[in-house]
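The block underneath contains the structure these notes are about, expressed in structure tokens.
Numbering (full-length UniProt numbering), first residue to last: 1 to 502.
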């Protein structure tokens with residue numbers, strides 16, 4: 001079975017500019033060319049100057065060097081590096097204190113395991129709500145200054161570190177979509193997704209030695225210093241990447257009064273509804289995607305499940321490896337390296353595998369790329385999730401050598417990253433407003449990341465670490481394996497009926 005296919009609508013004739021465009025932009029070029037060809041056979045008086053200008057300007061903009069997808073590779077990747085640094089910091093912040101939880105609990109005379117777990121995961125609760133506002137705002141005002149302002153507010157306020165820390169996680173995938181066409185996104189998306197996944201690994205490893213040597217308070221001082229360094233590096237060198245905002249500014253500076261007057265139309269058709277209606281439509285978009293797109297809902301739910309399990313591991317690693325295996329506070333952080341190795345291996349594998357699979361099926365579809373061509377990578381990754389959970393849980397329950405549960409976490413980490421990348425790519429490829437689509441998944445993901453550590457200790461005490469992980473593996477099998485296969489066969493048909501999709 002080759003997979004989903006439909007008639008070729010993205011091919012162009014010999015006069016088409018040589019550009020690597022996603023399907024929806026290729027179709028737009030076709031529409032522009034078709035309209036121009038039809039106009040040559042009509043009385044030009046039947047078409048207004050504004051309409052003729054729009055057709056010409058749309059084609060010109062797709063070839064304009066100011067369009068982010070036409071930037072030099074060096075400029076693209078330097079901006080991508082800054083985005084990845086931004087997405088690395090919030091997860092680092094949320095997890096670096098994990099090895100210090102026993103000392104923090106002792107300092108505040110807290111013995112309730114739920115409260116102790118919440119002190120680690122409360123940041124994720126703040127991340128649940130802020131993407132619903134921040135991502136749509138980026139599709140009105142652009143991405144650049146939302147990154148900068150959120151980082152400064154994170155640095156300045158305790159509460160702000162949670163509320164505004166989610167900004168890079170909400171906008172990062174949108175920035176990838178701004179800079180790279182569909183067939184070129186996998187490597188850039190792997191670079192972006194490493195930040196949210198490696199941050200929680202490096203955080204506990206570093207935090208363990210910081211807590212052991214100079215105390216848990218210095219964890220927060222180090223985080224503030226890194227945040228300040230990021231502000232110094234990013235503010236002068238980061239560029240705006242959201243094409244509609246750049247085009248609006250380009251038209252305003254063109255010197256053409258007519259183009260300047262109509263510049264805001266590039267932000268979307270809703271801009272004609274008025275400022276407040278336009279803003280409300282943008283702010284409500286992530287909720288609409290979750291409630292009106294079943295595919296978005298299912299993929300968000302699965303990503304949330306494995307992310308919740310991921311954070312559950314953080315809340316239990318220190319106790320497992322200190323009590324069962326006799327690790328110290330500093331060396332207990334090294335237990336997180338299994339996940340990190342799995343992430344790095346998966347980043348290399350999934351980016352290359354995803355690109356090869358996409359190119360293979362695109363060639364079979366006469367050059368037309370579709371989001372469903374990302375799903376085979378997701379299917380592969382979904383099998384590693386339960387294997388890693390079974391391995392980790394039962395090797396720890398049997399008290400085998402400490403390397404065995406760490407290998408299990410590495411297998412889980414490999415599966416998580418191999419699922420994370422194609423899900424994000426699928427959503428970015430499927431929906432016109434990429435930041436809103438990924439922020440919808442961020443809401444689910446952070447909600448379960450907050451909830452799972454609250455009951456994790458009690459679950460393992462009641463069931464044991466082996467049966468407890470078997471329960472989680474069963475959930476991963478039920479949600480993670482059938483639905484990607486179903487999307488592979490039926491995804492295109494479902495997308496074609498949903499006006500929220502491209």
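The beta-carbon is built from N, C-alpha and C at its ideal position, and this holds for glycine as well. Source: prediction; values computed, not measured.
Simplified DSSP state of residue i, which is helix, strand or coil
i           : result
residue 108 : coil
residue 220 : helix
residue 485 : helix
residue 327 : coil
residue 51  : Unreliable placement is indicated for residue 51, whose pLDDT of 38 sits below 50; no coordinate value is reported for it.
Whether residue i touches residue j by CB criterion (8 Å)
i           : j           : result
residue 290 : residue 440 : yes
residue 374 : residue 425 : yes
residue 418 : residue 387 : no
residue 469 : residue 389 : yes
residue 188 : residue 179 : yes
residue 142 : residue 245 : yes
residue 168 : residue 86  : yes
residue 135 : residue 163 : no
residue 131 : residue 166 : yes
residue 483 : residue 298 : yes
residue 312 : residue 452 : yes
residue 186 : residue 351 : yes
residue 436 : residue 196 : no
residue 561 : residue 463 : Because the chain is modelled from 1 through 502, residue 561 falls outside the range shown and cannot be assessed.
residue 78  : residue 237 : yes
residue 416 : residue 310 : yes
Inter-residue Cα distance where the pair is residue i and residue j
i           : j           : result
residue 320 : residue 115 : 19 Å
residue 104 : residue 120 : 11 Å
residue 399 : residue 325 : 8 Å
residue 394 : residue 89  : 33 Å
residue 151 : residue 227 : 7 Å
residue 480 : residue 301 : 9 Å
residue 202 : residue 145 : 27 Å
residue 295 : residue 108 : 44 Å
residue 36  : residue 222 : For residue 36, the pLDDT reaches just 43, beneath the cut-off of 50, and the residue's location in the model is therefore unreliable, although a value from the coordinates is still provided. Rounded to the nearest angstrom, the two C-alpha atoms are 59 Å apart.
residue 177 : residue 215 : 41 Å
residue 377 : residue 156 : 40 Å
residue 92  : residue 200 : 5 Å
residue 335 : residue 404 : 11 Å
residue 401 : residue 431 : 47 Å
residue 308 : residue 460 : 15 Å
residue 161 : residue 465 : 33 Å
residue 448 : residue 456 : 12 Å
residue 123 : residue 149 : 18 Å
residue 369 : residue 494 : 17 Å
residue 364 : residue 492 : 16 Å
residue 212 : residue 248 : 53 Å
residue 358 : residue 102 : 47 Å
residue 293 : residue 498 : 7 Å
residue 384 : residue 61  : 44 Å
residue 397 : residue 467 : 9 Å
residue 356 : residue 349 : 11 Å
residue 458 : residue 106 : 20 Å
residue 73  : residue 361 : 26 Å
6 Å Cβ shell around residue i - same chain, five flanking residues per side excluded
i           : result
residue 409 : 338, 339, 392
residue 194 : 347
residue 210 : 218, 219
residue 128 : 443, 446, 447
residue 234 : 82
residue 322 : 332
Cutoff 8 Å; reference residue i; Cβ partners in own chain excluding five residues on either side
i           : result
residue 454 : 114, 117, 118, 121
residue 341 : 410, 413
residue 444 : 290, 300, 301, 303, 304
residue 80  : 175, 176, 179, 188, 191, 192
residue 474 : 386
residue 224 : 155
residue 65  : 71
Close Cβ partners of residue i (< 7 Å) along its chain, the five nearest in sequence each way excluded
i           : result
residue 175 : 83, 143, 241
residue 207 : 96, 97, 98, 99, 100, 219, 333
residue 496 : none
residue 353 : 377
residue 407 : 338, 391
residue 345 : 414
Original post:
Mind pulling the alpha helix (DSSP H) runs of 4 or more residues that sit fully within the stretch 134-215?
Top reply: 144-156, 158-163, 167-179, 185-213
Original post:
Which runs of the alpha helix (DSSP H) fall wholly inside the stretch 307-385 and span at least 4 residues, in chain order?
Top reply: The stretch 307-385 is shown to contain whole alpha helix (DSSP H) runs of 4 or more residues at 329-332, 337-364, in chain order.
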